[in-house]
Amino acid sequence: MSSFKEMLHASFKSQDTEEWLDVYFTRPIGLVFALIWKQLGVHPNTITILSIFLGVAAGWMFYYTDLWHNIAGILLLMFANFCDSTDGQLARLTGQKTLIGRMLDGFSGDVWFFAIYVAIALRLQGQDMPGTDVHWGIWIWALAILSGFLCHSPQSSLSDYYRQIHLFFLKGKEGSELDNYASQRKIYEELPKKGAVMSKLFYYNYANYCKSQEHRTPAFQQLSKALKAKYSNVGEMPAALREEFLNGSRPLMKYTNILTFNTRAICIYVTCLLNCPWIYLLIEITVMNILYIYMHKKHENLCKRIMAKL
């Protein structure tokens with residue numbers, strides 16, 4: 405029987421892509437919960453649904469301006485994140501991986517943050533803008549939409565894509581969840597005309613998700629096509645070429661981590677406790693976007709450099 409340390413290590417995708425807060429805090433707690441849920445016979449999808457309720461409840465708590473509601477929001481969002489870590493670990497421990505589970509896992513984080521953005525906008529709309537006697541009103545909704553839909557969403561999407569690309573070059577297809585629009589669209593089109601509603605919904609949306617990632621990474625798409633034409637799989641690439649790509653990609657992994665959950669959550673915690681969550685929205689639009697643009701530019705240049713050597 406595997407030890408706790410061995411099971412924890414097996415749950416890491418790679419040392420390159422893991423964030424220290426997850427390695428030393430979130431994943432160990434998530435694994436403890438996963439082992440408990442396994443003993444109780446709880447299905448991973450149940451844990452994912454629980455995380456959705458916890459995330460929405462956290463958003464509700466952030467609507468209030470007092471200290472105790474905001475502390476409750478922090479704890480609820482932390483537990484939602486533990487559940488998000490737990491469901492994947494539990495699925496691997498029990499072999500209960502399902503399409504619905506994959507759908508819920510991708511959906512849950514979006515619901516948490518949607519609830520949080522709505523709560524922040526409702527919280528601030530009746531408050532005065534800093535240094536003025538003018539209410540935020542509709543402008544806070546515009547700021548929340550700009551921050552959430554036009555900044556947060558593409559930042560998270562591209563960060564996830566770059567991590568999967570890195571894992572693909574590091575471990576091959578079996579160690580990565582790197583997918584493409586064409587293959588996912590083909591699965592969608594081959595589904596039966598009648599029924600399979602959930603499968604159709606998932607593959608239609610997932611194919612478009614992949615398409616949006618591909619649209620923003622033209623240099624990588626060109627490189628990917630060239631590699632597929634020259635080598636049947638990443639394992640057949642010259643080791644020096646693959647290592648050069650990984651050496652260029654590895655420093656960017658810290659930006660993919662910043663642009664996903666932990667840094668965002670900490671910013672929300674601090675700004676809500678200080679009763680200035682509008683600062684979090686501005687951080688999304690400014691700091692996070694600068695990192696996003698830098699990460700994107702560096703990765704595209706890396707792909708062009710490798711492409712020139714093929």
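Positions in the sequence shown are counted from 1; adding 404 to them yields my numbering.
Built from N, CA and C at the ideal position, the CB exists for glycine as well.
Bear in mind that the values here come from a model prediction, so they are computed numbers and not experimental data.
Just reading off the alpha helix (DSSP H) that Cys-614 is part of, what are its end residues?
601-619 is the span of the alpha helix (DSSP H), which, as asked, contains Cys-614.
Shortest alpha-carbon distance to Ser-415 belongs to which of Ala-462, Ser-489, Phe-457 and Glu-594?
The residue with the shortest Cα to Cα distance from Ser-415 is Ser-489.
Residues in its own chain within less than 8 Å of Met-711 by CB, not counting five upstream and five downstream?
Taking C-beta separations shorter than 8 Å and ignoring five residues to either side along the sequence, the partners of Met-711 in its chain run Ala-623, Gln-626, Leu-627 and Ala-630, following chain order.
Quick one: give me the first and last residue of the alpha helix (DSSP H) that Cys-676 is part of.
It spans 666-677 - the alpha helix (DSSP H) in which Cys-676 sits, taken as one unbroken run.
Quick one: what's Asp-532 bridged to in DSSP?
Partner residues in the beta bridge of Asp-532, as assigned by DSSP, are His-539.
Distance between Phe-553 and Ala-525 (C-alpha atoms, nearest Å)
One C-alpha to the other measures close to 14 Å.
Unbroken alpha helix (DSSP H) run spanning Thr-638, endpoints:
First, the amino acid is wrong: residue 638 is Val here, not Thr. Val-638 -> no alpha helix (DSSP H), and no H or E assigned at all.
Let's test the definition: count the other Cβ atoms within 10 Å of the Cβ of Trp-540 and tell me whether it reaches 16, buried, or not, exposed.
Its Cβ being crowded by 16 or more others within 10 Å, Trp-540 is buried.
Can you tell me the Cα-Cα spacing of Ile-694 and Gly-599, whole angstroms?
Each residue's Cα considered, the two are about 44 Å apart.
Do you know how far the Cα of Gln-419 is from the Cα of Thr-469?
In a straight line, the C-alpha of Thr-469 is about 39 Å away from that of Gln-419.
Given Cys-680 as reference, the closest of Ile-451, Phe-408, Phe-665 and Asn-474 once Cα atoms are compared:
It is Asn-474 whose Cα lies nearest to the Cα of Cys-680.
Inter-residue spacing [alpha-carbon to alpha-carbon] between Asn-485 and Leu-528:
Going by the C-alpha atoms only, they are around 25 Å apart.
Quick one: measure Cβ to Cβ for Gln-559 and Tyr-428, integer angstroms, because I've assumed they're closer than 8 Å.
Actually they do not touch by this definition, with Cβ atoms about 24 Å apart.
Where do the ends of the alpha helix (DSSP H) carrying Asn-705 lie?
Its alpha helix (DSSP H) spans residues 693-713.
Completely contained alpha helix (DSSP H) runs for the region 540-595, where each covers 4 or more residues:
With a minimum length of 4 residues, the continuous alpha helix (DSSP H) runs that stay inside the region 540-595 are 542-551, 557-575 and 585-593.
By Cβ distance, which residues of its chain are closer than 6 Å to Glu-422, with the 5 residues on each side in sequence left out?
Excluding residues within five positions, the ones whose Cβ falls inside 6 Å are Phe-416.
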